[in-house]
Amino acid sequence: MRRRIFKSAAHLWIVAASAAAVAGSTAAIFLSTQDTSQPWGRFAAMYTQPPVVGIPHRPGDMVLDEMDFAPAPSSISAGPVPSVGLSQEVPGVMGPYSVEQHAVPVMAPAGDDALWRARRLSWRRQFRPALALYDSLLAAGDEPLVLLREKARVLGWMGRYGEALECYGETVRRYPDSAAAAAEADAKAALYDGRYRDGVRAYRRWLDLEPESPEALFDLSQLQYGQQRWADAIALTDRLLKEIPGHDAARQVRRKALFHAEGTPLYSEAVFFHSEGGTRQAELEYLSIASSVARPLNPALMAAIKVDTRFYRFSGSNPDPMAITTSAALTYRRRPDAAVEGFIGSTMKSNGPDNTVTGGLGVQSSPLDDLHLAFRYRHGDVVENAATFLDGLSENSLTVQTLYRPSRKWQAGLEGFRSWYSDGNVRTDYGVELRSHLSYEPTRLTLFWRWDSFGYNQEQPDYFTPGTFNVHHAGVDAIHYFKGDALYGGGNNTSIRMRGSLNFEPSGGRSKSVLAEFRHDWNDRLSSSLLYDRTWNDESGVYSADRMAASLLWYF
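Last residue of the sequence shown: number 684 in this note's numbering, and the count goes up by one each step with no gaps.
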């Protein structure tokens, strides 16, 4: 019966895709249905590359991604793969106010016709004509302080951050006595670079000078939303809605923040994985169907449970084995200062070894706005192939990761990993990654390079155990968001992601990796995603790996 499941894998993929209806950018921190050999929960969000067969599960696949530390379960999330965990870069593009028609004056105040036309154009996302009108007004010498500040905001909404900061700089130089302009310039600079603490200080300074500024209130709500400080985000949007009842974006952010603060998220995922490892002893095929449910206990504490049923197919096994892993997690978050997650679980297997226990602890902290640290301990199974599954190979592993992101343009990550296997083997990994962001929303384009090295202290006949194995990865990652008016934390959006890399391996070997992902927010409660990725080496036929996944996230 289980064998028939794999023979109809294509049909199951269609069923799963239909059920997930697909694409979920609204992420949930504890609901990742990672491989049971991976750390469970949000700390697995750094695994952003598809598995490279023969270099499985570790910093050959691990990448420190900016989205992991950038906060916010929203549709701006580019979302690392395979995690559906909390992972999103601080968007930078907050977009113009989304205001109902009746909230915008039908007639401009006397003498302000051109200025109000420029504002209305920018609110309707007609940025170029709005900028042209602002420039003509500046050339005429009309209220340059107001015009410069508003022009800089529009440039920021367009994602032209460098030009926006230049415009703010000109404003501060021309009007050194304007404390509000200086505070806004500092606040926007911090916002664009994702510096939470600097941003909060600058926005509070701005609001002390202009207490009901809609721009300051909305931006600060975004910073708080991005750090999962739901109560703070709700309070700020309440203030904004009191001033502008028709502010659609503020209402949207408030609704989403309430769901995250009080709702119960249910996450389900179906994954089909197939690899052919050749000399790397990584033949593996399985179908995983997993679900997780989480519940906030208070603003800082959340509990979750997860059940992952996995149907394996190994050559020569009859019947095919299956494994059911049930786990529970408790997470404390006080971002950006710290997030701590502990979990424990048990795996029941239909044949092979006895039931096994899995568990772990993860700690994540951002002591500085541009420095992010993560530590993970994990105990659990290692499934590379049939032999490791049937022998019950397990590990105790430690991972340390550091991400340095001084600006929105680039970032660097370092990673170290060590695993002590139950058969006496020890695996050690190191990883380095650089990323350069070339463009931003609605189309985010990133170039990346990564170096990974791993090795074992002894050879084993049942799985791939090189003394040292080095890989260089070079590639491009592109994400496009289709709804330009929803480019903010809490907005419902639709996105497509394409990623490709060329991987240079020892002895002149080369492999290729591609990934395609589609995400869609159906409404405030429901999101879904579809994903396909493949890694292969055609030159020598060493290996190939394919993964298809469909997921659904629902708040109730």
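In this text, a Cβ means the ideal position worked out from N, Cα and C, and glycines have one as well.
According to DSSP, simplified to helix, strand and coil, what is residue i?
i, result
"S349", "helix"
"S679", "strand"
"V328", "helix"
"T365", "helix"
"V599", "strand"
"Y584", "strand"
"V528", "strand"
"A378", "helix"
"R383", "helix"
"W323", "Rather than Trp, the amino acid found at residue 323 in this sequence is Arg. Coil, per DSSP."
"T176", "Because T176 carries a pLDDT of 29, less than 50, the predicted location of this residue cannot be relied on, and the following value inherits that uncertainty. If DSSP states are grouped into helix, strand and coil, T176 belongs with coil."
"S341", "coil"
"E404", "strand"
"R461", "strand"
"G354", "helix"
"S657", "strand"
"L615", "coil"
"E411", "coil"
"S443", "coil"
Using only the alpha-carbon positions, how far apart do residue i and residue j sit?
i, j, result
"A410", "S672", "9 Å"
"D482", "T437", "16 Å"
"A377", "G619", "7 Å"
"N651", "L575", "32 Å"
"D580", "F646", "28 Å"
"E523", "I472", "15 Å"
"T622", "I607", "10 Å"
"L573", "A602", "14 Å"
"F632", "H600", "5 Å"
"D336", "R301", "22 Å"
"M626", "V642", "8 Å"
"L562", "E312", "31 Å"
"A644", "A678", "12 Å"
"W538", "R323", "14 Å"
"D448", "T556", "32 Å"
"R247", "V468", "44 Å"
"A422", "L429", "11 Å"
"I204", "Q355", "For I204, the pLDDT reaches just 28, beneath the cut-off of 50, and the residue's location in the model is therefore unreliable, leaving the point undetermined."
"L425", "P339", "33 Å"
"Y591", "S416", "22 Å"
"R504", "L394", "25 Å"
"Y549", "S341", "58 Å"
"M540", "Y532", "Note on residue identity: the sequence assigns Ala, not Met, to residue 540. Distance between the alpha carbons of A540 and Y532 is about 5 Å."
"N553", "L526", "15 Å"
"R332", "D347", "11 Å"
"G559", "S657", "29 Å"
"A307", "V274", "13 Å"
"Y353", "R383", "12 Å"
"K135", "S396", "Here the model assigns K135 a pLDDT of 39, short of 50, so the residue's position is not dependable and the matter cannot be decided."
"D241", "L261", "11 Å"
What residues match up with residue i in a beta bridge as DSSP calls it?
i, result
"V485", "S474"
"K434", "S420, S455"
"S623", "Y609, R647"
"W664", "K640, S672"
"G490", "E469, R504"
"Y395", "S420, L681"
"N426", "L429"
Return the residue from the list the options that minimises the CA-CA distance to residue i.
i, options, result
"Y320", "L351, D336, L249", "L351"
"L496", "R653, N524, R325, G354", "R325"
"D661", "F545, F387, D605", "D605"
"I624", "Y609, A242, R653", "Y609"
"T454", "P427, S419, N426, R463", "S419"
"S567", "Y549, M286, A260, Q254", "M286"
"D465", "S494, T475, S564", "S494"
"R515", "Y440, M476, V485, T571", "In the sequence as displayed, the identity of residue 515 is Ala instead of Arg. The shortest Cα separation from A515 among Y440, M476, V485, T571 belongs to Y440."
"L283", "Y353, T593, K316, P272", "K316"
"T486", "N479, Q492, S478, S474", "S474"
"S478", "I452, G488, A502, D498", "I452"
"S535", "G290, L259, A258", "G290"
"A359", "K370, F387, H402", "F387"
"L368", "A344, Y616, R252", "A344"
"P257", "H507, R245, N446", "R245"
"L499", "A280, C295, T530", "T530"
"P570", "A398, Y616, D305", "Y616"
"N665", "F400, R638, D649, S657", "R638"
"G508", "L489, Q492, R578, T484", "T484"
"D519", "P589, F582, V491", "P589"
For a minimum of 4 consecutive residues, which ranges assigned as the alpha helix (DSSP H) are wholly contained in the stretch 241-319?
You should have 241-251, 255-267, 272-285, 289-302.
Start-end ranges of the beta strand (DSSP E) lying completely within the stretch 492-580, minimum 3 residues:
Qualifying beta strand (DSSP E) stretches, in chain order: 499-509, 522-532, 538-549, 554-567.
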